[in-house]
Amino acid sequence: DGGITQSPKYLFRKEGQNVTLSCEQNLNHDAMYWYRQDPGQGLRLIYYSQIVNDFQKGDIAEGYSVSREKKESFPLTVTSAQKNPTAFYLCASRTTGGAGELFFGEGSRLTVL
Amino acid sequence: AQSVTQLDSQVPVFEEAPVELRCNYSSSVSVYLFWYVQYPNQGLQLLLKYLSGSTLVESINGFEAEFNKSQTSFHLRKPSVHISDTAEYFCAVSAPSGGSQGNLIFGKGTKLSVKP
Numbered sequence: 001d002g003g004i005t006q007s008p009k010y011l012f013r014k015e016g017q018n019v020t021l022s023c024e025q026n027l028n029h030d031a032m033y034w035y036r037q038d039p040g041q042g043l044r045l046i047y048y049s050q051i052v053n054d055f056q057k058g059d060i061a062e063g064y065s066v067s068r069e070k071k072e073s074f075p076l077t078v079t080s081a082q083k084n085p086t087a088f089y090l091c092a093s094r095t096t097g098g099a100g101e102l103f104f105g106e107g108s109r110l111t112v113l
Numbered sequence: 114a115q116s117v118t119q120l121d122s123q124v125p126v127f128e129e130a131p132v133e134l135r136c137n138y139s140s141s142v143s144v145y146l147f148w149y150v151q152y153p154n155q156g157l158q159l160l161l162k163y164l165s166g167s168t169l170v171e172s173i174n175g176f177e178a179e180f181n182k183s184q185t186s187f188h189l190r191k192p193s194v195h196i197s198d199t200a201e202y203f204c205a206v207s208a209p210s211g212g213s214q215g216n217l218i219f220g221k222g223t224k225l226s227v228k229p
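Chain order of the listed sequences is A and B. Those letters in the first sequence? Residues 1 to 113, per my numbering, in order. Those letters in the second sequence? Residues 114 to 229, per my numbering, in order.
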């Protein structure tokens, strides 16, 4: 079945450690997105990529990094510079030039101890 | 730039009662509008969308939303809710063209709690 796979589902890390969240899609979508979700704040855009080897910062990119070496993959690294990394992270994708509908993965919950 | 306001952060209702989740948007250009649903610890699922044409759009599980351009609203309604409708609902807007390249802008969400 086509879809978006995020891993791990749950992740714990100590302060000062970098952690990478995986996002893989087999929908043949060009565009991929990372959102952060905190209670009561909705979804905030971290980074997005419209094409391989290119990506743009979203509204809250500080303390995060991404890469887009393959069309199917868009990993997100939460660096030690991110001051409040505990959150639910959602990856999404869509076709470019379409109606903008996003397809989401199941999310990754990161807890910093 | 577009923005979305969901007027209620929480909506408690009893089972089989009607419900309306309110969403207002602002935009200087024509928009696409979406409602997504999120169950606990899961990703978002598309519930319904308005792109063009009929202003009333329906989902397969009994929800409907009406695009009102003059009031810049896209409220979500269901005439009779079930316990299983308990979830968080997000309204979103995107512009078909422009500098945002069609990125979705989300509201802060409304938690619907259906009580027996």
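Note that the Cβ used here is the ideal one computed from N, Cα and C, for glycine as well.
Using a 10 angstroms sphere on the CB of GLU69 of chain A, the tally of other CB atoms stays under 16, which defines it as exposed. The Cβ of PHE187 of chain B sits no closer than 7 Å to any Cβ of chain A. Annotation for GLY100 of chain A: no beta strand (DSSP E) segment contains it, and DSSP assigns it neither H nor E. Closest option to VAL194 of chain B, judged by alpha-carbon separation, among B:GLN115, B:ASP121 and B:ALA130: B:ALA130.
The residue among A:SER7, A:VAL19 and A:GLY2 with its C-alpha nearest the C-alpha of SER80 of chain A is A:VAL19.
In terms of Cα proximity to LEU225 of chain B, the closest of B:VAL117, B:GLN115 and B:PRO153 is B:PRO153. Taken in chain order, the complete beta strand (DSSP E) segments of 3 residues or longer contained in the stretch 45 to 81 of chain A are 54 to 57, 64 to 66 and 76 to 78.
Along the stretch 101 to 112 of chain A, the positions whose C-beta sits under 9 Å from a C-beta of chain B are GLU101, LEU102, PHE103, PHE104, GLY105, GLU106, GLY107 and ARG109, read in chain order.
Rounded to the nearest angstrom, the Cβ distance from LYS221 of chain B to GLY42 of chain A is 4 Å, consistent with a contact under 8 Å. Using a CB distance cut-off of 7 Å, LEU43 of chain A counts as an interface residue toward chain B.
When the alpha-carbon of GLN6 of chain A is set against those of A:ARG13, A:ARG44 and A:MET32, the nearest one is in A:MET32. Within chain B, the residues whose beta carbon sits less than 7 Å from that of TYR48 of chain A are ASN216, listed in sequence order. Contact between the stretch 192 to 208 of chain B and the stretch 10 to 25 of chain A is not established, with fewer than three Cβ pairs separated by less than 8 Å. Sequence-distant Cβ neighbours of SER67 of chain A in its own chain, meaning closer than 7 Å and more than five residues away, are PRO75.
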